[in-house]
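> Going line by line, the protein sequences match chains B and L. If you want the working numbering, it's the position in the first sequence, counting the first as 1, plus 26. If you want the working numbering, it's the position in the second sequence, counting the first as 1, plus 26. Virtual Cβ for every residue (Gly too), placed ideally from N, Cα, C. What follows is a single structure, and I will ask about it in a moment.
Number of protein chains: 2
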Amino acid sequence: MINDRKDLSAVARRNDHSREELKELILDAAWDIVAVNGSESLTARGIGKKIGYVPGTIYNIFPSMEVLHLHLNARTMDMLFEKLEKTACKKNGTFEEKLFQLASSYIRFSEQYQPFWMTLFTTDIQECKKNHSWYEEKIERIFEPLNTILKQYLRGKDARQIEADSYILWSSVHGLVYLWVTGKASYLEAGQGQRRSGKKALETAIRLLISTYVAGISARKITV
Amino acid sequence: MINDRKDLSAVARRNDHSREELKELILDAAWDIVAVNGSESLTARGIGKKIGYVPGTIYNIFPSMEVLHLHLNARTMDMLFEKLEKTACKKNGTFEEKLFQLASSYIRFSEQYQPFWMTLFTTDIQECKKNHSWYEEKIERIFEPLNTILKQYLRGKDARQIEADSYILWSSVHGLVYLWVTGKASYLEAGQGQRRSGKKALETAIRLLISTYVAGISARKITV
DNA sequence: AATAATATTGAACAATGTTCAAAATAATAA
DNA sequence: TTATTATTTTGAACATTGTTCAATATTATT
């Protein structure tokens, strides 16, 4: 009967799992809960129940639920980065087409992993800035795939200029996607009149954004 | 001693305030609390204490704290709209300069009313879609000032095209501002190297965005 | 003056994050 | 082997939160 998790009278120091295993267990359970029931239903008690531990145990691994959220976000960002990089590496298509495919990947990701993706932006990052520099590095990485594409197609241009453009372009696409996902862009929804509606409208808008911005890169007068 | 709010034994049906007055009282108090202590510290009990009522009273006026948030957001959007409209109506400056001034107003607003502005994007809008169509109208209004400027300077172009461009441009600016305010844009912060840092960097980026997009409007090949 | 309507309360409920002393077990030393 | 130390895990508690609702005191009406 020793180390049997079903035996609730056997208390303390079960040591079924190392700290690292426990961390994975907790994050896996948390991920499941958010995937099934949304991010508002992620609680310490819920995680505990799911892995056969008590809420307090979670605080042995994470100092607070907020930090746990940061680690969930880390997983989300890793997945997003992988997806973007895969898309950026494909060898076919024109410049604009590649840019659109990257944006398209971002759209799909925001749909497919909506609650996780939303949490990226609702988690307060202030505490994170103090102790978790790895977090900011993961953020920066998200901008890289676009930067790579721009470098490839704008050879010869100033590196700083390219960096600025990729940052601006990415933030712009993000702005459109964000307002779309959160439903704060009625422009993209109203099916009335000659407007397209929903995702199609978003894709059209993003195509136009990319087309216009790329044309502007050659035509504009000022630089960074 | 009748109707004296200090007399706590005088209970029920004080009728010091009409429902409408109470609504204003509650929202005023809520606004103060958020302004001083941030939006996380906005609680039904806190509001009640501040106006000399009990938490339950708030539920006579608002069906839930979430709806109260929507009404706070309404105030925020009204103020933002006023500010943007004022800026858009000024008669001086070139096209690009006017666009930048509008964006600049948005930046200032997001700084000055940060917690209120943030709440606009953290409040879940789903419930609102059911019963509060006035809310979506307030959102739509935010896009109008930019639309007005574009119409003014792009006379002769297709109205639908202009609407699309103003929507895209506004969302793009918003994307940049949002990532800046929430601290998720390390590009705008790293003071290292030759990058500008902080607000100056944001302004530079937005200037470049506007410049590039406007140049692109004339140079691009596809339209909506 | 009696009755109906209603604004307001106070107390409760369930759920949350979080803390921490106590307990049980593993690791180590004697 | 036995005793001691160190560590993991618990369970119970605390403070807050949103929210509900019967009871009550006041106003309005008949």
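Run the CB neighbour count on Asp42/L, radius 10 Å, all protein chains shown included, and call it buried at 16 or more, exposed below.
Within the second sequence, numbered from 1, the residue matching residue 42/L stands at position 16. Exposed: under 16 other Cβ atoms inside 10 Å.
> Hey, how far is the Cα of Tyr204/L from the Cα of Leu202/B?
Your numbering for residue 204/L matches position 178 in the second sequence. Your numbering for residue 202/B matches position 176 in the first sequence. Looking at the two C-alpha atoms, the distance is approximately 12 Å.
> For Ile243/B, is the classification buried or exposed, using 16 other Cβ atoms within 10 angstroms of its Cβ as the cut-off for buried?
Translated into the one-based positions of the first sequence, residue 243/B becomes position 217. By the neighbour-count rule (16 or more Cβ atoms within 10 Å), Ile243/B is buried.
> From what residue to what residue does the alpha helix (DSSP H) around Arg101/B run?
The sequence position of residue 101/B within the first sequence is 75, counting from 1. Where Arg101/B is concerned, the enclosing alpha helix (DSSP H) stretches over Met91 to Cys115.
> What first and last residue would you give for the alpha helix (DSSP H) that runs through Val233/B?
Sequence index remark: in the first sequence, residue 233/B carries index 207 (1-based). For the sequence presented, residue 233/B should be read as Arg rather than Val. From DSSP, the alpha helix (DSSP H) with Arg233/B extends over Gly224 to Ala245.
> What are the boundary residues of the alpha helix (DSSP H) that Asn212/L is part of?
By one-based count along the second sequence, residue 212/L stands at place 186. The sequence as given places Ser at residue 212/L; Asn does not occur at that position. Element bounds for Ser212/L: n/a, residue is neither H nor E.
> Cβ of Val207/L within 7 Å of Cβ of Ser136/L?
Counting from one through the second sequence, the residue named residue 207/L turns up at place 181. Counting from one through the second sequence, the residue named residue 136/L turns up at place 110. Taking 7 Å as the Cβ cut-off, Val207/L and Ser136/L qualify as a contacting pair.
> Could you round the C-beta distance between Leu51/L and Asn99/L to whole angstroms and report it? I think they count as a contact, below 8 Å.
Indexing the second sequence from 1 puts residue 51/L at position 25. Indexing the second sequence from 1 puts residue 99/L at position 73. Actually they are not in contact, since the Cβ atoms of Leu51/L and Asn99/L sit about 18 Å apart, beyond 8 Å.
> Is there a C-beta anywhere in chain B that falls below 7 Å from the one on Leu234/L?
Residue 234/L sits at position 208 when you count from the first residue of the second sequence. So yes, Leu234/L belongs to the interface.
> Using a Cβ-Cβ cut-off of 7 Å, state whether Ser197/L counts as contacting chain B.
In the second sequence, residue 197/L corresponds to position 171, counting from 1. Yes, its Cβ sits closer than 7 Å to a Cβ of chain B.
> Is it the case that the CB of Ala227/L approaches a heavy atom of the ligand SAH more closely than 6 Å?
You won't find the ligand SAH in this model; it holds no ligand whatsoever.
> Using 7 Å as the threshold, is the C-beta distance between Ala231/L and Ile194/B below it?
Here residue 231/L is taken as the residue at index 205 of the second sequence, counted from 1. Here residue 194/B is taken as the residue at index 168 of the first sequence, counted from 1. Cβ distance < 7 Å, so Ala231/L and Ile194/B count as in contact.
> For the stretch 154 to 175 of chain L, enumerate the residues whose C-beta is nearer than 8 Å to any C-beta of chain B, in chain order.
Result list: Lys155, Glu162, Ile165, Glu166 and Phe169.
> State the DSSP-derived secondary structure class of Ser131/B, mapped to helix, strand or coil.
Within the first sequence, numbered from 1, the residue matching residue 131/B stands at position 105. If DSSP states are grouped into helix, strand and coil, Ser131/B belongs with the helices.
> Classify Val250/B as helix, strand or coil using the three-state DSSP reduction.
Here the question's residue 250/B lines up with position 224 in the first sequence. It is coil, neither helix nor strand.
> So is Val62/L buried or exposed if we call it buried at 16+ other beta carbons inside 10 Å?
The sequence position of residue 62/L within the second sequence is 36, counting from 1. When all chains shown are included, Val62/L counts as exposed.
> Can you tell me whether Tyr193/B is helix, strand or coil according to DSSP?
Your numbering for residue 193/B matches position 167 in the first sequence. Of the three classes helix, strand and coil, the one that applies to Tyr193/B here is helix, per DSSP.
> Quick check on the DSSP output: the alpha helix (DSSP H) that includes Ser159/B runs from which residue to which?
Counting from one through the first sequence, the residue named residue 159/B turns up at place 133. First-last of the alpha helix (DSSP H) with Ser159/B: Ser159 to Ile168.
> Ile243/B touches chain L at which residues, Cβ-Cβ below 7 Å?
Stepping through the first sequence from its first residue, residue 243/B is reached at position 217. Ordered by position in chain L, the residues that pass the 7 Å Cβ test against Ile243/B are Thr238.
> Let me make sure I understand the geometry here. Which of Ser90/L, Leu172/L and Phe142/L has the alpha-carbon closest to that of Val60/L?
Residue numbering aside, residue 60/L sits at position 34 when the second sequence is read from its first letter. When only C-alpha atoms are compared, the closest one is Phe142/L.
> Taking the straight line between their C-alpha atoms, what separation do you get for Ala70/B and Tyr85/L?
Taking the first sequence and counting its residues from 1, one reaches residue 70/B at position 44. Taking the second sequence and counting its residues from 1, one reaches residue 85/L at position 59. Their Cα atoms are separated by approximately 29 Å.
> Taking Cβ positions, are Lys155/L and Met103/L nearer each other than 7 Å?
Stepping through the second sequence from its first residue, residue 155/L is reached at position 129. Stepping through the second sequence from its first residue, residue 103/L is reached at position 77. Going by C-beta atoms, Lys155/L is not nearer than 7 Å to Met103/L.
> Taking Ser237/B as the reference, which of Leu48/B, Thr120/B, Ile77/B and Glu108/B has the closest Cα?
For the purposes of this step, residue 237/B is taken as residue 211 along the first sequence, with counting starting at 1. Ser237/B has its Cα closest to that of Thr120/B, out of Leu48/B, Thr120/B, Ile77/B and Glu108/B.
> For Ile151/B, tell me which candidate among Val80/L, Arg101/L and Ala211/L has the shortest Cα-Cα distance.
Within the first sequence, residue 151/B is the residue found at index 125, counting from 1. The shortest Cα separation from Ile151/B among Val80/L, Arg101/L and Ala211/L belongs to Ala211/L.
> Shorter than 7 Å from the beta carbon of Thr102/L to some beta carbon of chain B?
For the purposes of this step, residue 102/L is taken as the residue at position 76 of the second sequence. With 7 Å as the cut-off, Thr102/L does not count as an interface residue toward chain B.
> Quick check: the Cα distance between Ser90/L and Tyr213/B, rounded to an integer number of angstroms?
Counting from one through the second sequence, the residue named residue 90/L turns up at place 64. Counting from one through the first sequence, the residue named residue 213/B turns up at place 187. The alpha-carbon atoms of Ser90/L and Tyr213/B are separated by roughly 28 Å.
> If the cut is a Cβ gap below 7 Å, which residues of chain L does Ser212/B touch?
Within the first sequence, the letter at position 186 stands for residue 212/B. Per Cβ cutoff of 7 Å: Glu162, Ile165 and Glu166.
> Any idea what DSSP makes of His200/B, helix, strand or coil?
The sequence position of residue 200/B within the first sequence is 174, counting from 1. Reduced to three states, the DSSP call for His200/B is helix.
> Using a Cβ-Cβ cutoff of less than 7 Å, which residues in the same chain neighbour Ala190/B once the five nearest sequence positions on both sides are dropped?
Translated into positions along the first sequence, residue 190/B becomes position 164. Excluding residues within five positions, the ones whose Cβ falls inside 7 Å are Val250.
> So which of Gly224/B, Gly78/B and Lys109/B has the shortest CA-CA distance to Ile168/B?
Residue numbering aside, residue 168/B sits at position 142 when the first sequence is read from its first letter. When only C-alpha atoms are compared, the closest one is Lys109/B.
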